[in-house]
Structure formats: C-alpha cells, structure tokens
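Note sheet for the following structure.
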Amino acid sequence: MDFKFDEEQEKFRQEVVTFLEEEKKQGAFQPISDSWVHGYSHEFSKKIAQKGWIGLTWPKEYGGQGRSWMDRLILTEELLRYGAPTGWHWSADRQMGPSIIKYGTEDQKRDFLPRIIRGEVSMAIGMSEPEAGSDMASLQTRAIEDGDDFVLNGQKVWTSGSQHANYIYLVARTDPSFSPHDPKNYKGISEFIVPTDVAGITISPLLDMAGGGHFTEVFFDNARIPKTCLVGEKNRGFYQIMEQLDYERAGIERLMSNYVVFEWIIDYAKNTYRNGVPLYKEPIIRDKIARLVMEFETGRLLCYRVAWVLDQGQVPNYEAAIAKLYGTEFEKRLASEAMEILGFYGQLMPDSKYVPLSGSVILSYLFSPGYSIQGGTSEILRNVIAQRGLGLPR
Amino acid sequence: MDTSFTEEQEMLRTAVSDFLIKECPKSKVRELEEDEKGYSPETWKIMADLGWIGLAIPEEYGGMGGSFQDLTIVLEEMGRNILPAPFLCTTIEGIFPILDAGSDEQKKEFLPKIANGELIFTMALLESSGVYDASGVATKAVAKGDSYVINGTKLFVEMAHIANYLVCVTRTKEGASPEDGVTLFIVDTTTPGIHCEVIPTIGMDKLCEVRFEDVVVPSSNMLGELDKGWPIVANVLRKGAIAKSAESAGGMQACFDMTVAYSKERVQYDKPIASFQALQHMMADMWIAVDTGRYVVYEAAWMESEGLPCAKEASMAKAFINKFYQEVSRLGVRLHGAIGTTRDHDVSLYYRRAKAASSAFGGNDLHHETVATELGLVK
Amino acid sequence: MDFSLSEEQEMLKKMARDFLADKCPKTLVREMQKDEVGYPPELWQEMAGLGWMGLVLPERYGGSGMAFLDLSVLLEEMGRACLPGPFFPTVVLGALPITDIGTEELKESYLPQIAGGEAIFTLALIEYDAGLDASSISVRALADRDDYIISGTKLFVPDAHIADYLLCVARTGESIKAEDNITVFLVDAKSPGISHTVLKTIAGDKLCEVVFDQVRVPEENILGELNQGWSEVQRIMERAAVAKCCEMIGNMQQVLEMTVDYAKERMQFTRPIGSFQAIQHHCANMATDVDASRFSTYQAAWMLSEGFPCTKEVAIARAITTDASRRMLALAHQIHGAIGLTEDHDLPIYSKRAKAAELAFGDTHFYRELVAQQVGL
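Shown next, in the form of structure tokens:
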C-alpha cells in the first residue's frame, strides 16, 4: 500500500498548479463553483489543449499522452480546485474519447481524437429522454437506416452544453422490432456521433434552479446523418455504453464540483465575527467544518482508488458507484452547511447587495440537488453496489 | 385533548384554499416573483373585503375578532398554495405589536385601515449582524423636541418597498443589557430620509435594505414605552416563528402531495417509480415529517392563541419545521429527478421557499438554544 | 499510489485469517467473555510461536522487524475474528512505547519477553473524569530518593487483572500548563500497593479499575524523559487510535459479509429479503461505509508506518471509522431482524465490540475537534 504520489506525479501536479496560478493572476478566468459544468471558455480549453492536457490518457498514436488515469485525476483535481473553466472540452475528454478509442473505426479515431485533443471539438451527451431517465434502455429516439444514411427522429433532454457543442454523442434505437417496453429493449440500441449543424436538429435550453441554461432539449426531426457516424456495432450500443457510464461516474468532479465553496467558507468562518467572536470559534460551526473535512479527505481517497483500479486495467463499476455516491453526498452537505454558516445572508442571490462570497454558495445550493441525480442517481448507484458489488439478487 | 378544528375554522380553510387556487395559480406566483411590487393589490383588496387581513383584529377596530390560531390556518393555506403578499408581515409585525402595546389612539388610527386593506405594515428589525437578538439593534433614535430622529440601516425587511408603515426597532439608550434601551416607532414610509432597496433573495420574497437618514418621527408614534420595547419584539418573534412554521407546514404538504402524485405517474423500467421500495420508504419518511410537523405547529399555535406561555413550543415548532421543510423539499426535488431541478417546475418553488423560511424568525442555532434554555440548561 | 497489499501482507492476512478461523471460533469468544482470565494461554503461546507479538519489534530483541502497516493487517484479522485477550494492550500500548522511548536496559529486559509471549503489558491512562487531555491526569508520582511513589486511581485499564506490567501515566510535578510534568512509568504489576477490580463492560473486554496505593517504582523504569511524558502519550494514543480502527475495519467487513449472506438466504414473501430494494440500499450504504473507513484508516496506518507526521489523517480516520461503524452496525441489526438481537447470534458480539471500540482512545467528537484544529481553526 502506498498513499503518496511519486516524484513524477508531484512534478506534474506542480506543473498544473503553476499554470493555473499564472492564468488566474492574468485574469484568464474567475474561479467559480461547478466549473466543469458552468465554466464554458473555448479559449481556456484551447490553452489546456496546448499543454497536452486533453486526452491525457489516450494513445500517443492519435496525439494523446498515453499517461495514467492517476495523472488524469491529479490534473482534474487541480482544475476543479481552482474552479477553472473546463466545461467546453469536459465531456469529449471524459467519455466520448475513451468510447471512440474502444469502439470506433480507425477513420473515426483519426478524425475525432486529434481534434478533441487540440481543443477543436466540443461534444454533448445525448442519452436521457423525457421518458427515459434512469431507465435508459427504454429510450424512444429512432435512427432508421435509409440508403447510406440513418434518419433520426425523437427527442433528447438534459443534454449538457449542446448549444456550444460541435457534436452530440447520441444513443438511439436502430432496431425498432424491440419496442421501448420490450423486456429486451436494451437490444437494438446504437451509438452515434452527430454533428449539431445537421438539418432537422433543434436545440432549446432548459433553465435550472440556479438560473443556468446549461441543460437543453434536443429535437430530431428527420435529421439525416451518414452511416459513418455510427460508433461500434449496430444494435450493440447498450453494452458499449455501460462502460462509458462507469467513466462518467468515475471522476473527481463527483466530489469537487463545488470545492471552491469549501475553501471560501472556511475562510469566511475565520474572518467573520458575530457578537465579537469569530464564527470558527463557535462549537457548532467547528463541528460542521470538521465533518466536511473528514468526508472530503475520505471521498478523495475513494476517487483515487477508482483511478488506481483503472490503471490496473480493470473496469471500476461498483468502486465508481461508491465514489460517486459518497462524493455527491459530500457536495450536497457542503452546499447546505455553507448556507447555514452564512446564516441570514445565505439567502441572498448573487446579484444582491451584501451577498457573501459572490453568491457562490447559494448557486451551489440551488444546483446541488442535481449532484445526486445527474450521471446516475444515488438510488441506481446503490443498486449497482448491491447487485454488482455485493451480488445481491435482482 | 382535541386535535380537530371547529366547523368555522374548516370553512375558513376551505374558503382560503379555494380562493388561492383560483386567484393565484403557479403561473401567477412566477409572475409576481418577477414583478416589482411582488404582490397583487387587487388580490389584497379582495382578501381585505373577505375579512382575512383583519382576521385577528378585534371587532371594535374593524376586524373579525378571530384568534391567532385562525390566522395560522390562513397562513398554512397561503404556504400550501404560495401567495406572494405582505400578509404575514402586516398581521404578525403590524397588527400584533399595535394590539400588544399601542395606545388607544394608535389602535383606532391604524387597525381599521389595516383591516380594510388600506395599510400595509412590516417590521424593520434585523441589521448587519443578521441576528435576532437585542444586541443586533444599533439603529439609533435620538429625542429632539417633540420627535425622534432615526439613523441607521435595517436589512431583510419584508416588503418594505411597498409598505405604508414600518415598525422600526431602535436603540434609544445603552442599557445594562442589550434588551434595555430598545424602543419601537411606527414610521410612515413616505417620511423623507427613508431609502429602500429590494435585495434579490432565494425566496424571491422582496426582502429590503432600508436606510434611515435623519428620519423624523413624532413622539406620538412611539409604540409602547420608551426603552422598554424589547418584550414587544420578543412577542413578535415568537408569533412570527409559529406563523412562519404554519406557512411552511402548508408548503411541505403541497410539496409532498406533488411528489407522491408524480411518483405514481412517472414510469421507468416499465413501472411507476412509486413501486420501487427505496422511493416508497423515502416518501414514507416525507409523510412522517409532514404529519408530525403539522401537529407540532398546531400545538404551539393553540397555546399562543390561548395566551399560554409557549416559548419552548414555538421554538420546537420552528426548529422542527426548519429541518423538515428543507428535507421534504429536497426529497421532493430528488424524487422528481432532473425535472425537479429546473426553474419551471413547481417543486423548485417550494425548495427555494423552504430555504428562505428556515432563516425567517430564527434558524436552528437560535431555536435550539431557546429550547435548551427553556429546559433549564442555562450556559 | 497503491491501494493493494503487498504479497507478504496478503500472505500474512490469509494465514492469520485461516489460523483464527480455526483456533478462535465464536464458541471460544463466548467462553472467554465469561472466563475470569479472559483469554486461553495455549492460543496465546501459539500466537507467540507464529511471531505475532514480536511482529513489529526489532529483530535484535526477538522480533521480526516488520512495519506498523503489517501489524495493521494482522489487527484487522483479529478484529474480524473477535480475538479475546491482551494482544492489543501488550503490543500497541506496551511494546511499541518501550521500543520508541525505552532505555536500552528496559528494551533488553522486556521486549524479548513480549516477543516470546511471556509478558503481558497494558497502559493505565484514563482517570475518573474520563477525559483525554493532559488536564485529566492527576495520579501522582512523588520522588523519593531513587524511586517514585505512585498514588491514585486509573480506570478502563485493559486487562490489568492479568498484566505483568503496566505503563502508568502520572504527574511528577506541579505546573501551570497541564501538559508539563507528566511522566510515563513502567510498573511491575506485582508491586505492593496495586489492586484492581474488573469492570463489567458491554463487550466483556476486561477493562479494570486499578488503584495505586503508594506504589514504589525505581527511576530506571521511567520511559522517556522525566516530566516530558505527555508528547509520548499523544504518540501512543495516535497509534492506538489507528490500531483500534484496524480492528474495527475487520469487525465491519465481517459484519457486512454476514449481513449480505443473510440477506441472500433469508426468505420472506417467497423471495430472499436481499431482493428488496430497501435492503439492497442498506447493504450498499454499509459497503460504502466500510470502504470509506478502510482507506481512510489504511492511509493513516501507512503514514504512521512510514514515519510521516499524520495527526490530521489519524483524526480523520478515527472520526470517519467510528461514525461509519455506528451506522453500519445499526443497519446490520436492522437487516437481521429479531434473530440478530439474541445472545446466541454472532452479530451482538460484533456490535458490542464495535461500541467499545467507538469509545476507546477518543470518540468522534474528540477527533472532529482535532480535525478542526488541524485545518487551522
């Protein structure tokens, strides 16, 4: 067992930190909470690309660095710690690239991977539908073969960032003989990379509670895409995607999404006085902060364990589920406790006079119910832990 | 013991509920949230005509002569349906202090006009410390001839931007203890020197910053005795805690009902999500909170109505509701899945209000402390 | 970073597990709870024969010279098996402090005995107010020529009734700061003036009241420096806290396995109760708690092993593990239903030991306060 990073890893971390410190000083970004979701800057993503930090773990032959998952974790940990804007390239880097590497054709790899790595491609995730959330296999969007093309009809929802994306990574039904309610509905599903500028695609933003328009609805109305957009085997998409979901859950953004709030609220407790006493001296506030520290440090270990499992060449299904379950509970508690520490001022909106910490706490609070819903609800994660981890019967 | 309401109370409840369902659907709520005034003067007038604003005002002053408990029934329905309006502040922070400590002239001057909907009241109490005790009162009122001159800044004053009068809590003397030397004044909001600004908040409930710059108030507008105003404030805080809890109890119920209904309709894996045991248990926990919370509030409201000392019960109710309204609304959002996190969905209205309600009239730090003190666990 | 055990550690783990599964069945555990002595001497000798007592003691004193992390692996298996007896106090509270700060004479006198299973040690620390701060130490040791005279009462001393030697933490002078003038003495349990009473505890783990009535101890038996003992006591507590967590992990892992097995077998409504979602989710929560505790604890153990300062990590591990243990034992009982509450069932053995472990060396609030201080509050 070994809980420290080696010299190379420490050097890498320092390299990332130095870069971010410099960029912050130059005003290239303002730290925000949930920066991998709300922080959209093509310019900043290009800078990350220039450092070779998109596609860090991908094979060198496609332009990747071929580095370890542990290295990627170190990189993403610092990006999130600094609240740096990574939203533009995040999805492509996190899951679409690995999917293309595993299941894509040689042409697709040569086409997409270098462009993602160079920061030229932004991708959105087209999985959920109004009637298909946790039950993804019941999806209804169809992709029907017609000559050299597939014709798309249907609707996706909660598609993150599609208004900025060049491509939507789409999951659709290619074999209509399996209806959405068929017990074997997971057969007959395929994956596609769909350019967003194809005719017949309409995108409209959804407003979330924090006021962000990051999530969208995407309508497909006889949208025609060439067959070369198919990723992997036709009708085998569901199996392909299960692994992609493990990647989606495996990251440290499931623990550190609102990390900036953590640092800021501790600072606030140290520097804010109530009845002449700094907040951090109040026993209840000390207890709250201590608990948050404990849970964060532990959640971090669980995330690093997932990276370690990946570096062993294994698929981290229940490990990723545990890490996300634990991490998102921390994120929600952080938002909630930070609100309580702010007391009355906690309810002020970001554009309000007197608002503390630029409203980062309240924005995180309003966004926080989503942490345990998006990317696999906590209930589904518990099913995965119980059934795949502990072998309990379905 | 009898935990049921009288026939008149049930009729009142039904009347308010039916009225609000018709007059204030959720589309109207959202409209009013964005609206500058934040309430509908037309609806206000109708409610005044129905006698609801003057519900707890004695008949001799133009009111209905109803009890505090009757008022909490109205508030519960307002919480259930969500009515953006200066109802709680006018009744709890206007009517009751005047009834408590007002002179005969003051009662005759203000109460009938409150009852008929003409006058809107609110209390300016909190300042930059954000705490509900006397030590937070620094706004000064200095005697000058026949008047007092007020200087200072009040924060989080509900609906001050449209109120006709503020009950302003000032410091008139540095006493031996912070409670000593607090005086209340009824201040006309058109008095020169008052600057009011709405602060955007999570509940979108029009809390205001109010700055007093050499605001001159006639001595006849002093409410209660000089330097002895804190007990009046304490009464308002206790009634306010119960009132806000009653409103929240209604909100919790609505949130719960909506969630159960959704869980029965929403189908995933070919069955309603309500058939999944984990979710069933979550809803069971929500219901326990809703049902229990209601009774904790009713007990406190009844005791207050009967004039029985109930500082402990009021704090218990607020502490309980603070915790459970937030939890229920959180579970409500969670059970709705992603759609619950959108601004357009009704459940998010309750989620935001639950957070706002948890601070009003005291968060759990204050109320836990009060309960501990009432139990004799003095520091 | 490496989340796996080394090959040797895996072997030690397997060997310990098999040995204890064979030699320490629950019948023995129950017997020992009632037994006056509380452990079987034959088993003790076998463990000594396997080199367990001397595992982390230097080879020149008869030990194997292995690391604290290796001991952690062993302690986890002992926790899993609910091993009764004075292994923990002897090794963690006795041998390690002597190795740390004992004089050469003391090391040569006692460490080989410990490694050979011939001496049982314990630590007399806590007093009447049950506090863990230096200000709680009031047992006095007064200088008398070349000796010290110890008087006072210690409580919750593990296995004092069978210990050959006790490490006693006493106050050797007056001071303004409570941390000053504390000294650790190595006391022969057969010294005149020592008496003990075994306290009846939830886990039946033989915690004792020990009364020191003018007990004479030679000054050569001072461990470390006169009056400088408090920093060593803190080191002892830190190590003991982590070691206890290792035992707790073993306890929790076994409880998780036991519970999942039960959920798969137990039928109600014509199906295994483990097919009900609520039960599955409870099990998932338990598994998450075990994993969180495991890595948090092993990180602290690794840091101690490597000699890195780790007050914060120890505090976090202890706070996380005690909270997790409480939660998951409660869920285990919930899932087992009524049968889990009967004395015949193994689960109460685990939950009672878990409760005792929660309290030893500081509870969650003690450690949360430590965490707050460690992050600069």
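Residue numbers (this note's numbering), protein chains in the order written: chain A, 7 to 400; chain B, 10 to 388; chain C, 473 to 849.
Positions of the beta carbon are idealized from the N, C-alpha and C atoms, including for glycine.
Because the structure is a prediction, the values reported are computed rather than measured.
Ends of the beta strand (DSSP E) at residue i?
i	result
M132(B)	130-133
L164(B)	156-167
A205(A)	Here A205(A) belongs to no beta strand (DSSP E), and DSSP marks it neither H nor E.
T625(C)	619-630
T655(C)	654-660
I174(A)	173-179
S667(C)	666-670
A650(C)	From DSSP, A650(C) is part of no beta strand (DSSP E); its letter is neither H nor E.
R180(B)	174-180
P820(C)	No beta strand (DSSP E) holds P820(C); the alpha helix (DSSP H) holding it covers 819-831.
K149(B)	149-153
Under the three-state reduction of DSSP, which class applies to residue i: helix, strand or coil?
i	result
D117(A)	helix
C33(B)	coil
P187(B)	coil
I61(B)	Looking at the sequence itself, residue 61(B) is Trp, so the reference to Ile does not match. Of the three classes helix, strand and coil, the one that applies to W61(B) here is coil, per DSSP.
Y141(B)	coil
Q700(C)	strand
N159(A)	strand
Q146(A)	coil
Q335(B)	helix
A229(A)	strand
E234(B)	coil
E85(B)	helix
T278(A)	coil
I195(A)	strand
When you compare only the Cα positions, how much space is there between residue i and residue j?
i	j	result
E209(B)	I368(A)	In the sequence under discussion, the amino acid at residue 209(B) is Pro, which differs from the Glu named in the question. When rounded, the distance between both Cα atoms is 12 Å.
S368(B)	L135(B)	12 Å
G110(A)	W94(A)	22 Å
Y253(A)	G132(A)	16 Å
Q56(A)	I123(A)	9 Å
L216(B)	L317(B)	31 Å
Q726(C)	K485(C)	14 Å
E223(A)	A326(B)	42 Å
G161(B)	L64(B)	33 Å
V528(C)	S703(C)	22 Å
D12(A)	M473(C)	8 Å
S134(A)	S144(A)	10 Å
I106(A)	G45(A)	25 Å
E503(C)	E548(C)	22 Å
Using a 10 Å radius around the Cβ and a threshold of 16 neighbouring Cβ atoms, would you call residue i buried or exposed?
i	result
L164(B)	buried
N331(B)	buried
K17(A)	exposed
A615(C)	exposed
D631(C)	buried
N230(B)	buried
T562(C)	buried
S39(A)	buried
M800(C)	buried
With DSSP as the reference, identify every bridge partner of residue i, one or two as the case may be.
i	result
A596(C)	C640(C)
G132(A)	L176(A)
T210(B)	L354(A)
Q277(B)	K280(B)
P690(C)	D619(C)
Just curious, the alpha helix (DSSP H) that residue i is in, first and last residue?
i	result
G58(A)	Where G58(A) is concerned, there is no enclosing alpha helix (DSSP H), given that its DSSP letter is neither H nor E.
T121(B)	It should be noted that the sequence gives Pro, not Thr, for residue 121(B). Start and end: 113-124.
C319(B)	C319(B) -> no alpha helix (DSSP H), and no H or E assigned at all.
K498(C)	498-506
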